[in-house]
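With my numbering applied, the sequence shown covers 2 to 747.
Beta carbons: idealized from backbone N, C-alpha and C, even for Gly.
Just so we're clear, the structure is a prediction, and the values are computed from it rather than from any experiment.
All remarks here apply to the structure that follows.
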Amino acid sequence: MEDPRAESEPLLSRARGGGGRDCPAGSASCRPGAVSWRDLRFDQAAVFIEDAIQYRSINHRMDVRSMWLYRLYYSNACQWILSFTIFLILFLAFIESPSSLTSTADVRYRSAPWDPPCGLTEGLEVLCLLVFVADVSVKSYLVGWAQFRTNPWLLAYLVVLVVSLTDWIVSLSLLCQEPLRVRRLLRPFFLMQNSSMMKKTLKCIRSSLPEMASVLLLLALHLCVFTMSGMLLFTGEKGDGQDRERLIYFRNLPEALTSLLVLLTTANNPDVMIPAYSKNRAYAIFFIVFTLIGSLFLMNLLTAIIYNQFRGYLMKSFQTSLFRRRLGARAAYEVLSSMTAEGEAHPREVGVRPRDFLQVLQRVQLDGSHKQAVVEKVRSYGGDLLSAGEFQKLFNEFDKRVIKEPPPRPEYPSPFLRRAQTVFSHRYFDYLGNFIALGNLVSISVFLVIDADVLPEDRDDFVLGILNCVFILYYLLELLLKVFALGLPGYLAHSSNVFDGLLTVVLLVLEISTLAVYRFPHPGWKPEMLGLLSLWDMARLVNTLIVVRFLRIIPSLKLMAVVASTILDLIRNMRAFGGILVVVYYVFAILGISLFRGVIVAPGNGSLSPDNSSAPCGSFEQLEYWPNNFDDFAAALITLWNVMVVNNWQVFLDAYRRYSGPWSKIYFVLWWLVSSVIWVNLFLALILENFLHKWDRRSHLQSLVGDPDSTYQMSAELLFREVLEEPTEDELMEKLSHHPHLRLCR
Numbered sequence: 002m003e004d005p006r007a008e009s010e011p012l013l014s015r016a017r018g019g020g021g022r023d024c025p026a027g028s029a030s031c032r033p034g035a036v037s038w039r040d041l042r043f044d045q046a047a048v049f050i051e052d053a054i055q056y057r058s059i060n061h062r063m064d065v066r067s068m069w070l071y072r073l074y075y076s077n078a079c080q081w082i083l084s085f086t087i088f089l090i091l092f093l094a095f096i097e098s099p100s101s102l103t104s105t106a107d108v109r110y111r112s113a114p115w116d117p118p119c120g121l122t123e124g125l126e127v128l129c130l131l132v133f134v135a136d137v138s139v140k141s142y143l144v145g146w147a148q149f150r151t152n153p154w155l156l157a158y159l160v161v162l163v164v165s166l167t168d169w170i171v172s173l174s175l176l177c178q179e180p181l182r183v184r185r186l187l188r189p190f191f192l193m194q195n196s197s198m199m200k201k202t203l204k205c206i207r208s209s210l211p212e213m214a215s216v217l218l219l220l221a222l223h224l225c226v227f228t229m230s231g232m233l234l235f236t237g238e239k240g241d242g243q244d245r246e247r248l249i250y251f252r253n254l255p256e257a258l259t260s261l262l263v264l265l266t267t268a269n270n271p272d273v274m275i276p277a278y279s280k281n282r283a284y285a286i287f288f289i290v291f292t293l294i295g296s297l298f299l300m301n302l303l304t305a306i307i308y309n310q311f312r313g314y315l316m317k318s319f320q321t322s323l324f325r326r327r328l329g330a331r332a333a334y335e336v337l338s339s340m341t342a343e344g345e346a347h348p349r350e351v352g353v354r355p356r357d358f359l360q361v362l363q364r365v366q367l368d369g370s371h372k373q374a375v376v377e378k379v380r381s382y383g384g385d386l387l388s389a390g391e392f393q394k395l396f397n398e399f400d401k402r403v404i405k406e407p408p409p410r411p412e413y414p415s416p417f418l419r420r421a422q423t424v425f426s427h428r429y430f431d432y433l434g435n436f437i438a439l440g441n442l443v444s445i446s447v448f449l450v451i452d453a454d455v456l457p458e459d460r461d462d463f464v465l466g467i468l469n470c471v472f473i474l475y476y477l478l479e480l481l482l483k484v485f486a487l488g489l490p491g492y493l494a495h496s497s498n499v500f501d502g503l504l505t506v507v508l509l510v511l512e513i514s515t516l517a518v519y520r521f522p523h524p525g526w527k528p529e530m531l532g533l534l535s536l537w538d539m540a541r542l543v544n545t546l547i548v549v550r551f552l553r554i555i556p557s558l559k560l561m562a563v564v565a566s567t568i569l570d571l572i573r574n575m576r577a578f579g580g581i582l583v584v585v586y587y588v589f590a591i592l593g594i595s596l597f598r599g600v601i602v603a604p605g606n607g608s609l610s611p612d613n614s615s616a617p618c619g620s621f622e623q624l625e626y627w628p629n630n631f632d633d634f635a636a637a638l639i640t641l642w643n644v645m646v647v648n649n650w651q652v653f654l655d656a657y658r659r660y661s662g663p664w665s666k667i668y669f670v671l672w673w674l675v676s677s678v679i680w681v682n683l684f685l686a687l688i689l690e691n692f693l694h695k696w697d698r699r700s701h702l703q704s705l706v707g708d709p710d711s712t713y714q715m716s717a718e719l720l721f722r723e724v725l726e727e728p729t730e731d732e733l734m735e736k737l738s739h740h741p742h743l744r745l746c747r
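Take a look at the structure:
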């Protein structure tokens with residue numbers, strides 16, 4: 002049973018010189034502990050190491066029961082349950098009323114959506130909310146009441162849960178007929194609070210807003226000046242040719258402001274200029290100057306400011322992450338070094354016994370490859386005590402991408418087989434395979450060009466069918482020869498071989514299925530459709546997979562491989578940015594449903610919408626943009642995406658102005674600012690940072706010569722590692738001395 006005083010007694014009980022709190026001579030709290038205390042310290046050191054690896058805060062309870070709960074909470078199973086719960090509560094927006102379970106979003110052809118019975122989605126929702134209640138309860142207990150009161154995220158978590166549960170009760174009391182569900186707007190919070198990287202990104206965005214606001218204010222001034230100038234310049238006498246420009250784009254102040262705002266994104270260029278330019282070519286100067294100042298100078302200046310400010314604030318966040326890692330490592334070091342005096346060797350020296358660290362490492366939740374790399378690093382120090390600096394360097398091994406040794410190749414007794422093994426394992430054999438794949442791709446392209454104007458039922462697929470059979474047989478032969486040369490374990494050890502082999506097997510199965518159903522190719526090979534897919538559909542599927550298989554060429558080209566690795570690193574590091582995008586999409590989609598649901602109505606049947614034949618050219622109706630509506634969650638997401646791309650977004654502004662009122666422009670302009678201006682520029686900042694790091698000459702040369710440092714994983718924290726400042730020992734010890742649940746006794 003746990004000692005009830007364990008939380009209040011000093012954690013580190015060996016009296017040592019130096020800074021920190023002194024221990025009274027003969028104090029019971031400073032005497033070496035028993036076996037249970039030794040196990041407790043091992044567990045505490047293991048938890049500190051896990052905190053350091055994951056960049057987590059160490060300000061949590063450190064008694065036996067709390068550490069068990071803490072490690073259970075951060076176990077893969079509990080975190081998977083929490084992640085699935087977050088996914089489920091966000092996914093409810095697709096199935097709850099208004100449901101997105103229809104084959105199309107087009108209001109002209111959409112069938113009546115499924116309306117879930119009251120209590121179905123609400124039952125799933127309350128289960129999710131109960132999981133979040135348990136989550137915030139565990140977090141609050143682990144950090145303690147004093148930390149909970151000062152943590153804004155935990156306080157906000159509690160408030161969001163209270164509001165959500167209250168709104169859920171109101172919803173059931175009204176039999177799910179309430180006009181607005183406030184809790185739907187709060188659901189993205191559960192995603193944000195569960196990601197420390199998203200919290201950092203959100204904090205950086207908030208800190209960068211003042212600098213963004215200064216440029217946005219300048220943009221607003223730019224728009225106002227040119228709007229007033231345009232109103233004065235293009236207001237002609239009645240019957241004058243200039244009247245066309247005024248009536249179309251400058252008939253009133255809101256329309257003029259909207260026209261120039263859209264022109265700022267170049268979405269309606271040169272449409273807005275043509276009427277005036279047709280009258281007098283000198284009017285082009287007005288629009289050219291407006292575009293030069295707004296689009297080329299101010300918008301790009303905004304990009305530069307966002308990149309500069311965001312990078313600065315993001316570095317501060319990563320500085321905090323680095324401090325957390327060093328602090329967790331130092332806490333583990335202090336726990337383990339306090340046990341050195343209990344042994345017989347080195348009673349007066351300060352350090353960590355390697356065998357103690359190896360024992361702790363066995364308790365750490367870590368993948369086997371990294372654990373083995375750290376064990377080998379520790380053993381390289383021999384039996385000497387690990388100093389604080391050496392202990393900190395061990396944590397660099399956790400950032401390295403472990404390169405596994407390929408399995409040994411099979412040994413053949415025959416000299417002929419050994420020579421064949423050398424040939425088929427050589428890189429030139431890979432080059433031959435790439436050349437054959439290129440030839441296959443060229444043959445498919447030629448037939449696509451030849452048959453571009455021929456209907457599928459009139460095509461003769463004899464030649465292409467024969468070529469596909471030949472190429473697929475070569476791919477199968479290549480697979481078998483590589484397995485012969487490398488052995489099956491060696492073949493599967495390379496991801497490129499797994500990619501090739503999987504697609505080759507799928508292609509072989511499809512080709513055998515095609516031949517079994519439609520027989521062997523012959524001239525005039527145009528059989529009737531049999532089974533699920535026609536011959537043309539089978540051929541298209543096979544050719545699509547062949548085109549995908551051609552991506553195997555990427556690792557063979559060094560420059561292309563660097564670009565591909567940059568893209569993969571971006572995908573790994575984009576979870577926080579993608580999460581922020583999910584949040585803003587979710588919130589704006591729910592708001593859009595509340596504001597514009599049912600606004601877009603199909604033409605006919607008494608609708609105010611004109612049919613396609615009578616609609617003005619370039620309008621929402623004439624372009625048949627009917628699926629772009631806010632009648633359900635999925636349709637709202639696609640509509641927001643189309644507006645974010647800003648191509649033809651003036652069509653949406655005009656349509657929703659006519660159907661719901663001029664105030665609707667505020668919604669779409671706000672969405673443009675949040676998505677296209679702020680988020681896209683933040684995304685560009687991350688791309689630039691990753692790209693510059695990857696293409697730095699020194700890093701590039703190191704990767705080519707196989708420098709050991711090139712094995713580091715390119716995480717978001719490591720992007721800025723070279724410019725971050727290492728915390729001093731005094732800073733670490735000062736922070737440890739103020740730990741709310743840990744007292745250093747030195």
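Measure the beta-carbon distance from residue i to residue j and round it to whole angstroms, keeping in mind my assumption that it falls under 8 Å.
i: Ala53; j: Ala305; result: Between Ala305 and Ala53 the Cβ distance is about 36 Å, and since that is not below 8 Å, they are no contact.
i: Leu641; j: Ala590; result: 6 Å
i: Ser100; j: Pro114; result: 4 Å
i: Gly329; j: Phe49; result: 5 Å
i: Ser677; j: Val647; result: 6 Å
Please classify residue i: is it buried, with 16 or more other beta-carbons within 10 angstroms of its beta-carbon, or exposed?
i: Asn301; result: exposed
i: Pro355; result: buried
i: Asp632; result: buried
i: Gln194; result: buried
i: Tyr476; result: buried
i: Asn309; result: exposed
i: Cys129; result: buried
i: Ser165; result: buried
Name the residue from the options whose alpha carbon lies nearest to the alpha carbon of residue i.
i: Tyr587; options: Leu542, Gln623, Tyr657, Trp672; result: Trp672
i: Asn270; options: Thr292, Glu256, Pro255, Leu254; result: Thr292
i: Val361; options: Val376, Pro411, Pro741; result: Val376
i: Cys177; options: Glu97, Leu220, Arg659, Val161; result: Glu97
i: Gln366; options: Val484, Ala47, Phe298; result: Ala47
i: Glu512; options: Leu480, Ile473, Ser196, Thr321; result: Ile473
i: Val510; options: Pro490, Leu489, Asn469; result: Asn469
i: Glu123; options: Phe500, Met68, Phe92, Asp501; result: Phe92
i: Thr266; options: Pro255, Tyr278, Leu297; result: Leu297
i: Val584; options: Tyr75, Tyr660, Met232, Arg185; result: Arg185
i: Trp650; options: Ala135, Asn253, Tyr626, Phe95; result: Tyr626
Straight-line CA distance for residue i to residue j?
i: Met229; j: Ala106; result: 40 Å
i: Leu482; j: Val137; result: 57 Å
i: Ile59; j: Arg325; result: 8 Å
i: Arg698; j: Leu725; result: Reliability of the predicted coordinates at Arg698 is poor, the pLDDT of 45 falling under 50, and the value obtained from them is presented with this limitation in mind. Cα-Cα distance, rounded: 20 Å.
i: Ser444; j: Leu465; result: 8 Å
i: Ser196; j: Leu552; result: 33 Å
i: Leu582; j: Met645; result: 11 Å
i: Pro741; j: Glu735; result: 13 Å
i: Phe311; j: Phe684; result: 11 Å
i: Tyr492; j: Pro211; result: 55 Å
i: Leu234; j: Thr259; result: 17 Å
i: Thr151; j: Leu162; result: 18 Å
DSSP on residue i, reduced to helix/strand/coil?
i: Val1; result: Residue 1 lies beyond the residue range present for the chain, which begins at 2 and ends at 747; the question has no answer from this structure.
i: Val602; result: coil
i: Arg364; result: coil
i: Val646; result: coil
i: Val351; result: coil
i: Leu176; result: coil
i: Leu181; result: coil
i: Leu386; result: coil
i: Gly662; result: coil
i: Ser620; result: coil
i: Met715; result: Note that Met715 scores 49 on pLDDT, short of 50, meaning its location in the model is unreliable; the coordinates nonetheless yield the value given after this. Coil at Met715, not helix or strand.
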